[in-house]
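S.K.:
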Amino acid sequence: MDIRLSREQLADYQRDGYLIVKGFLSADELTPLYQAYQGDPSIDGSLYGMTDKAGAAHPINIWVDLGNDIIGTIPRLERVVNCVEQILGEPCYHWHSKFTNKPPGCRARIDWHQDYTSWYDDGCLFPHMLTMALAIEPAARANGCLQVVPGSHRMGLMNHQDVPNFEARLEAAKDRLGLVHCELETGDAVFFHCNTLHGSGANDSDRSRLMLFSSYNAVSNQPLEAAIGSNEWGRFMGITPEERRVRPMQKLPDDTLVRRADMPAFGRTPFKRPIDTPGEGYTRAVALET
Ligand SMILES: O=C(O)CCC(=O)C(=O)O
Numbered sequence: 222m223d224i225r226l227s228r229e230q231l232a233d234y235q236r237d238g239y240l241i242v243k244g245f246l247s248a249d250e251l252t253p254l255y256q257a258y259q260g261d262p263s264i265d266g267s268l269y270g271m272t273d274k275a276g277a278a279h280p281i282n283i284w285v286d287l288g289n290d291i292i293g294t295i296p297r298l299e300r301v302v303n304c305v306e307q308i309l310g311e312p313c314y315h316w317h318s319k320f321t322n323k324p325p326g327c328r329a330r331i332d333w334h335q336d337y338t339s340w341y342d343d344g345c346l347f348p349h350m351l352t353m354a355l356a357i358e359p360a361a362r363a364n365g366c367l368q369v370v371p372g373s374h375r376m377g378l379m380n381h382q383d384v385p386n387f388e389a390r391l392e393a394a395k396d397r398l399g400l401v402h403c404e405l406e407t408g409d410a411v412f413f414h415c416n417t418l419h420g421s422g423a424n425d426s427d428r429s430r431l432m433l434f435s436s437y438n439a440v441s442n443q444p445l446e447a448a449i450g451s452n453e454w455g456r457f458m459g460i461t462p463e464e465r466r467v468r469p470m471q472k473l474p475d476d477t478l479v480r481r482a483d484m485p486a487f488g489r490t491p492f493k494r495p496i497d498t499p500g501e502g503y504t505r506a507v508a509l510e511t
């Protein structure tokens, strides 16, 4: 199996700042992960409640090191890393991965943002970074699917602290560029640029929405030593400077999830533990009831 993006897909990504790839992983490959999550919705007690501006919490967790379990394998699958490297045009390394979950009726929104806002503060000079968002469960408007503003990656970094009128700029960007609801089936993936404006709404349905996000940095874009570790969000999530430096990543054959069907879903990949006292203006992580 050698899955690569076509010339048209690459052009779509460059124009729109995001690309949906249907059936990127098969539902069969993801069934063991889904079943493990059904059996343990706290994911080994790793999920925390991340609050939005209005104070509503959705469950999230994050990991950097990749162990020999399903969640440590997906970010290293050849097809995943090859597509990321095709888009970036150079070798990449794993920046971090996370689950974001919206249980039925979850009121939390994920406020509009660009990921490069915090990665810039980590000392990455260039926005040569992106994320693959993978649907573990179907995601639709009703259960709060990911939304993106197409073409917004071409505006540059707009919500950094030195840029005023963020809300007005955001509304203007949505008016001019529109917004896309990324409605996905299990196994569909969205690749999106770190400057693409994105967010998501509440879950007004009785179906939960679990997504796995894996983010990557270009190897040539190693963070500046002077800045590494100074991003407040990363510190809040418990990520160390060492975990931001370029680290070799071994690609795993595309059939790994099928061949090693007895691999646990999680338990071998260490989760980060957010600190309890985020800085001023930061969303709050609270331990969830399990
Ligand atoms: O889960 C979502 O809908 C978006 C998550 C996201 O944008 C993030 O965690 O940065």
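Going from the sequence shown to the working numbering is simple: count from 1 and add 221.
No residue lacks a Cβ here, since even glycine has one placed at the ideal position from N, Cα and C.
Report all residues from its chain with a CB closer than 6 Å to the CB of Val-401; omit the five preceding and five following residues, and keep chain order.
M.R.: The sequence position of residue 401 within the sequence shown is 180, counting from 1. Cβ neighbours of Val-401 within its own chain (closer than 6 Å, five residues either side excluded): Val-369 and Pro-371.
S.K.: Flag this pair as touching only if the segment 473-491 and the segment 285-298 have three or more C-beta atom pairs under 8 Å; answer yes or no.
M.R.: Yes: at least three Cβ pairs fall under 8 Å.
S.K.: By DSSP, does Val-467 sit in helix, in strand, or in coil?
M.R.: For the purposes of this step, residue 467 is taken as residue 246 along the sequence shown, with counting starting at 1. If DSSP states are grouped into helix, strand and coil, Val-467 belongs with coil.
S.K.: So Leu-391 packs on Trp-333, CB below 8 Å; how close in whole Å?
M.R.: Translated into the one-based positions of the sequence shown, residue 391 becomes position 170. Translated into the one-based positions of the sequence shown, residue 333 becomes position 112. Contact holds; Cβ gap of about 5 Å.
S.K.: Confirm, please, whether the CB-CB distance from Leu-268 to Pro-262 is below 9 Å.
M.R.: Within the sequence shown, the letter at position 41 stands for residue 262. Within the sequence shown, the letter at position 47 stands for residue 268. In this structure, Leu-268 lies closer than 9 Å to Pro-262 by Cβ.
S.K.: Report all residues from its chain with a CB closer than 7 Å to the CB of Val-440; omit the five preceding and five following residues, and keep chain order.
M.R.: For the purposes of this step, residue 440 is identified with residue 219 of the sequence shown, where counting begins at 1. Once the five neighbours on either side are set aside, the close Cβ partners of Val-440 are Glu-311, Pro-312, Cys-313, Tyr-314 and Val-467.
S.K.: Buried or exposed for Asn-416, please, with buried defined as at least 16 other CB atoms from any protein chain shown within 10 angstroms of its CB.
M.R.: Working through the sequence shown from its first residue, we reach residue 416 at position 195. Asn-416 comes out buried.
S.K.: In its own chain, which residues sit with a C-beta less than 8 Å from the C-beta of Ser-339, not counting the 5 before and 5 after it?
M.R.: As a first step, residue 339 is located in the sequence shown; it is residue number 118 there, counting from the start. Once the five neighbours on either side are set aside, the close Cβ partners of Ser-339 are Asn-452, Glu-453, Trp-454 and Gly-455.
S.K.: What is the DSSP secondary structure of Val-285, reduced to helix, strand or coil?
M.R.: Taking the first residue of the sequence shown as 1, we reach residue 285 at position 64. In this structure, Val-285 counts as coil in the three-state DSSP scheme.
S.K.: So, under 8 Å CB-CB, His-349 and Leu-398 are touching, yes? Tell me the CB distance rounded to an integer number of Å.
M.R.: Your numbering for residue 349 matches position 128 in the sequence shown. Your numbering for residue 398 matches position 177 in the sequence shown. Contact flag wrong, Cβ pair sits at about 22 Å.
S.K.: Please find out if some non-hydrogen atom of ligand 1 comes closer than 8 Å to the beta-carbon of Leu-400.
M.R.: For the purposes of this step, residue 400 is identified with residue 179 of the sequence shown, where counting begins at 1. Because no heavy atom of ligand 1 lies under 8 Å away, the Cβ of Leu-400 does not count as near it: no.
S.K.: Name the residue from Ala-410, Ala-423 and Tyr-437 whose alpha carbon lies nearest to the alpha carbon of Leu-251.
M.R.: Position 30 of the sequence shown, counting from 1, holds the residue named residue 251. When only C-alpha atoms are compared, the closest one is Ala-410.
S.K.: Please name the residue in Leu-287, Asp-237 and Val-302 whose C-alpha comes closest to that of Phe-245.
M.R.: Here residue 245 is taken as the residue at index 24 of the sequence shown, counted from 1. Of the candidates Leu-287, Asp-237 and Val-302, Val-302 places its Cα closest to the Cα of Phe-245.
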